[in-house]
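Trainee: Please read through the structure below; I'll follow up with questions.
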Amino acid sequence: MREDLPSHINEFIHDLKSCNDLSSVFLYYSRYLHCDPYLHSIFLDFGYNPEKGDFQDPPSLSLFIEKLQEEYSNFTLPVKRSYSDISETSSDKNRSNKGLKILSARVKSILIHKRPTSYREVAEELIKEMHMVSKTEEKNILRRVYDALNVLIAAGVVIKNGKEYCWKGLGDKENYFCDIVEETISENTFLSIRAKKISSKRNNLQTLTERFLAMRSLITRNLQLSKPKDSMDFPLVFVAVAEDENKMTIEANNTCSTMRLKFRKQMEIFNGSEILTQCPKIIN
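Quick note on numbering: the UniProt record's numbering labels position 107 of the sequence shown as 107, and the sequence is numbered without any gaps.
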């Protein structure tokens, strides 16, 4: 390890070089991002997505390590001390390397590549990866490997046959989960379409209700008014035009059976029921 690098960066580089499951290593050391702005910046440079907690594309291991060494190589002792609260002690290091979560990921990687394999082979492979030399550390690894295997067996992704362990994976469950996801997406899409149709029908019903009430109010009003004896029915067309904004020309044939309206700009035409809905006095 290099003395010119902060302790947690030395441990990070060590784990990147020694562990086969890089995704677990990146996930573990992402906990330092909130307290180490330099490391956070490096993660972002390599396409890290903080919301998803993962990289868009797997970063190049050599380039990532080179960037770490370059970024932290000029750290002075006072700067290194400022990171002492987030750097791990030797006992913390042992706990982190053998943490059940990251250890289970490493055990999974070994089981996938070695089918079937024994508990001893898995433990020896991990000890080899972590460069364990202390007997105490070795015993601790053996115990944690046993715990990790039991967790994976309980999860149904590992099968134990005598002294041999074999990676099973999700198998049919994986397809089942995929089907569930697809069905959920399809159902959500269907519900979204139905919701839009219901909303559209609700708006149409509201419009029709307003027109019905307006027409009923108008009919009631007309019935209450007395009609002059000498009156006659005559269709009357009202056209409202903002003179400054638009001009309209009306042309009719000799019998007035057809009319032609010419506009300078686009016009909007309302029928009788639409006009009624805009007259609160009539509606009320």
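Positions of the beta carbon are idealized from the N, C-alpha and C atoms, including for glycine.
Is DSSP giving residue 264 helix, strand or coil here?
Mentor: Taking the sequence shown and counting its residues from 1, the one referred to as residue 264 is at position 264. Coil, per DSSP.
Trainee: Do residue 9 and residue 72 count as a contact pair if the criterion is CB distance below 8 Å?
Mentor: Along the sequence shown, read from residue 1 onward, the residue named residue 72 stands at position 72. Along the sequence shown, read from residue 1 onward, the residue named residue 9 stands at position 9. Against a cut-off of 8 Å, the Cβ pair of residue 9 and residue 72 comes out as a contact.
Trainee: Can you say whether residue 144 is buried or exposed, counting buried as having 16 or more other CB atoms within 10 angstroms of its CB?
Mentor: In the sequence shown, the residue the question calls residue 144 occupies position 144. With 16 or more other Cβ atoms within 10 Å, it is buried.
Trainee: For the putative contact between residue 210 and residue 277, defined by C-beta atoms under 8 Å, what is the C-beta separation to the nearest angstrom?
Mentor: Your numbering for residue 210 matches position 210 in the sequence shown. Your numbering for residue 277 matches position 277 in the sequence shown. Contact holds; Cβ gap of about 5 Å.
Trainee: Relative to the ligand FMN, is the shortest distance from any of its heavy atoms to the C-beta of residue 200 smaller than 7 Å?
Mentor: This structure lacks the ligand FMN, and indeed carries no ligand of any kind.
Trainee: With a cut-off of 8 Å on the beta carbons, I'd call residue 63 and residue 107 a contact; round off their distance for me.
Mentor: Residue mapping note: residue 63 aligns to position 63 of the sequence shown, counting from 1. Residue mapping note: residue 107 aligns to position 107 of the sequence shown, counting from 1. Actually they do not touch by this definition, with Cβ atoms about 28 Å apart.
Trainee: Hey, would you say residue 123 sits closer than 8 Å to residue 141, going by beta carbons?
Mentor: Against the sequence shown, residue 123 aligns to sequence position 123. Against the sequence shown, residue 141 aligns to sequence position 141. Result yes, Cβ atoms of residue 123 and residue 141 sit closer than 8 Å.
Trainee: Check each candidate in 28, 53, 23, 32 and name the one with the smallest Cα separation from residue 60.
Mentor: Reading the sequence shown from its first residue, position 60 is the one you call residue 60. Comparing Cα-Cα distances from residue 60 to each of 28, 53, 23, 32, the minimum goes to 23.
Trainee: Could you spell out where the alpha helix (DSSP H) holding residue 269 opens and where it closes?
Mentor: Counted from its first residue, the sequence shown places residue 269 at position 269. First-last for residue 269: undefined, no H or E at that position.
Trainee: I need the straight-line Cα distance from residue 105 to residue 30, nearest angstrom please.
Mentor: Within the sequence shown, the letter at position 105 stands for residue 105. Within the sequence shown, the letter at position 30 stands for residue 30. Whole-angstrom Cα-Cα distance: 16 Å.
Trainee: Is residue 27 near residue 65, with beta carbons less than 8 Å apart?
Mentor: Here residue 27 refers to the residue found at position 27 of the sequence shown. Here residue 65 refers to the residue found at position 65 of the sequence shown. Their beta carbons are not under 8 Å apart, which means residue 27 does not touch residue 65 by this criterion.
Trainee: Excluding five sequence neighbours on each side, which residues of the same chain lie with their C-beta closer than 7 Å to the C-beta of residue 153?
Mentor: As a position in the sequence shown, residue 153 is number 153, starting the count at 1. Cβ neighbours of residue 153 beyond the five flanking positions: 160.
Trainee: When you compare each of 20, 52, 68 to residue 36 by their alpha carbons, which one comes out closest?
Mentor: Here residue 36 refers to the residue found at position 36 of the sequence shown. That would be 68, whose Cα lies nearest to the Cα of residue 36.
Trainee: Since residue 165 is in the beta strand (DSSP E), which residue starts that stretch and which ends it?
Mentor: Within the sequence shown, the letter at position 165 stands for residue 165. Per DSSP, residue 165 belongs to the beta strand (DSSP E) from 164-167.
Trainee: I'd like the list of long-range same chain contacts for residue 168, defined as Cβ closer than 8 Å, with 5 residues on each side in sequence excluded.
Mentor: Here the question's residue 168 lines up with position 168 in the sequence shown. Answer for residue 168: 156, 157, 158, 159, listed in chain order.
Trainee: Per DSSP, what kind of secondary structure is residue 107 in: helix, strand or coil?
Mentor: What you label residue 107 is simply residue 107 of the sequence shown in a count that begins at 1. DSSP places residue 107 in helix when its eight states are reduced to three.
Trainee: Within the segment 15-65, note down every full alpha helix (DSSP H) run reaching 4 residues or more, in order along the chain.
Mentor: Entirely contained in the segment 15-65, the alpha helix (DSSP H) runs reaching 4 residues are, in chain order, 22-29, 37-45.
Trainee: Just to confirm my understanding: we take residue 273, look at its own chain, exclude 5 residues before and 5 after, and list those with CB closer than 8 Å. What are they?
Mentor: Looking up residue 273 in the sequence shown gives position 273. Excluding sequence neighbours, residue 273 sits near 211, 214, 215.
Trainee: Indicate whether residue 251 and residue 260 have their beta-carbon atoms separated by less than 8 Å.
Mentor: Mapped onto the sequence shown, residue 251 falls at position 251. Mapped onto the sequence shown, residue 260 falls at position 260. Contact: yes.
Trainee: What are the boundary residues of the beta strand (DSSP E) that residue 160 is part of?
Mentor: Working through the sequence shown from its first residue, we reach residue 160 at position 160. Here the beta strand (DSSP E) through residue 160 covers 158-161.
Trainee: From the DSSP output, in three-state form, read off residue 214 for me.
Mentor: As a first step, residue 214 is located in the sequence shown; it is residue number 214 there, counting from the start. The answer is helix: DSSP assigns residue 214 an H, G or I state.
Trainee: Shortest alpha-carbon distance to residue 112 belongs to which of 255, 57, 20?
Mentor: As a working mapping, residue 112 is identified with position 112 in the sequence shown. With distances taken between Cα atoms, residue 112 lies closest to 20.
Trainee: Here's the rule I'm using: 16 or more other beta-carbon atoms within 10 Å means buried, otherwise exposed. How should residue 32 be labelled?
Mentor: Here residue 32 corresponds to residue number 32 of the sequence shown, with the count starting at 1. Per the 10 Å Cβ criterion, buried.
Trainee: What span of residues does the beta strand (DSSP E) with residue 252 cover, start to end?
Mentor: What you label residue 252 is simply residue 252 of the sequence shown in a count that begins at 1. Its beta strand (DSSP E) spans residues 248-252.
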